[in-house]
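Participant:
In the numbering used here, the protein residues as written are 295 to 465.
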């Protein structure tokens, strides 16, 4: 039996029988809200995306969504890289600006109709993670865990969005 502390987002006892224990026996617990679905009422986010016409989205090993091979990924201008690695800041707008710079968009704001998605590959040692520039319709209303959730679990700090005027939130 394992005890879970929701304040720190981890099990507080080691995995007694090595069920998916991996390297870290105290790894983050799965989301208790979406981990199981005894009534079968949860909608699979990939099925929901396919219903919206977005194909090629895959699930990562951590359970998040990866848009790198999908038709939702930005491809409007040559020379723009829609998949970039940035240092996380703890602030959505700063992350978006860093991603815009790394992608070589040559603009401060995200292109209209697109949002930056924090892939669930946050590395607490380097404080870096991958951002993907995707169509807004492929992100809105799609429940998922991303790098922001991992950042909060690793640092204990929630992401901020101080200048919400016209900004677009993504995870």
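Don't be surprised by glycine CBs; every beta carbon is placed ideally from N, CA and C. Bear in mind that the values here come from a model prediction, so they are computed numbers and not experimental data.
Residue 427 and residue 408 - do their beta-carbons sit closer together than 7 Å?
Facilitator: On the chain shown, residue 408 is found 114 positions in, with the first residue counted as 1. On the chain shown, residue 427 is found 133 positions in, with the first residue counted as 1. Cβ distance < 7 Å, so residue 408 and residue 427 count as in contact.
Participant: In the DSSP output, which residue or residues are listed as bridge partners for residue 380?
Facilitator: Locating residue 380 in the chain shown gives position 86, counting from the first residue. 423, per the DSSP bridge assignment.
Participant: Three-state secondary structure (DSSP) at residue 352?
Facilitator: The sequence position of residue 352 within the chain shown is 58, counting from 1. DSSP places residue 352 in strand when its eight states are reduced to three.
Participant: Is the separation between the beta-carbon of residue 377 and that of residue 393 shorter than 7 Å?
Facilitator: Numbered from its first residue, the chain shown carries residue 377 at position 83. Numbered from its first residue, the chain shown carries residue 393 at position 99. No, they are not a contact pair.
Participant: Residues in the same chain with beta-carbon distance under 6 Å from residue 352, minus the five sequence neighbours each way, listed in chain order, please.
Facilitator: Translated into positions along the chain shown, residue 352 becomes position 58. Here the set comprises 360.
Participant: For the ligand MN, any of its heavy atoms closer than 6 Å to the Cβ of residue 370?
Facilitator: What this structure holds is no ligand at all, so the ligand MN is not there to describe.
Participant: Quick one: residues in its chain with C-beta nearer than 7 Å to the C-beta of residue 342, no 5 flanking neighbours on either side, listed in chain order?
Facilitator: Counted from its first residue, the chain shown places residue 342 at position 48. Excluding sequence neighbours, residue 342 sits near 436.
Participant: Taking DSSP's pairing of strands, which residues face residue 466 in a bridge?
Facilitator: In the structure displayed, the chain extends from 295 to 465; residue 466 sits before or after that span and is not available.
Participant: For my contact list, residue 416 and residue 441 are in at a C-beta cut-off of 8 Å; report their separation, rounded to the angstrom.
Facilitator: Taking the chain shown and counting its residues from 1, the one referred to as residue 416 is at position 122. Taking the chain shown and counting its residues from 1, the one referred to as residue 441 is at position 147. About 4 Å separates the two Cβ atoms, so the contact holds.
Participant: Less than 7 Å between the beta carbons of residue 429 and residue 381, yes or no?
Facilitator: On the chain shown, residue 429 is found 135 positions in, with the first residue counted as 1. On the chain shown, residue 381 is found 87 positions in, with the first residue counted as 1. Not a contact, by the Cβ cut-off of 7 Å.
Participant: Could you tell me how far apart the beta carbons of residue 365 and residue 386 are, in whole angstroms, since I believe they sit closer than 8 Å?
Facilitator: Here residue 365 is taken as the residue at index 71 of the chain shown, counted from 1. Here residue 386 is taken as the residue at index 92 of the chain shown, counted from 1. Rounded, the Cβ-Cβ distance is 25 Å, inconsistent with contact.
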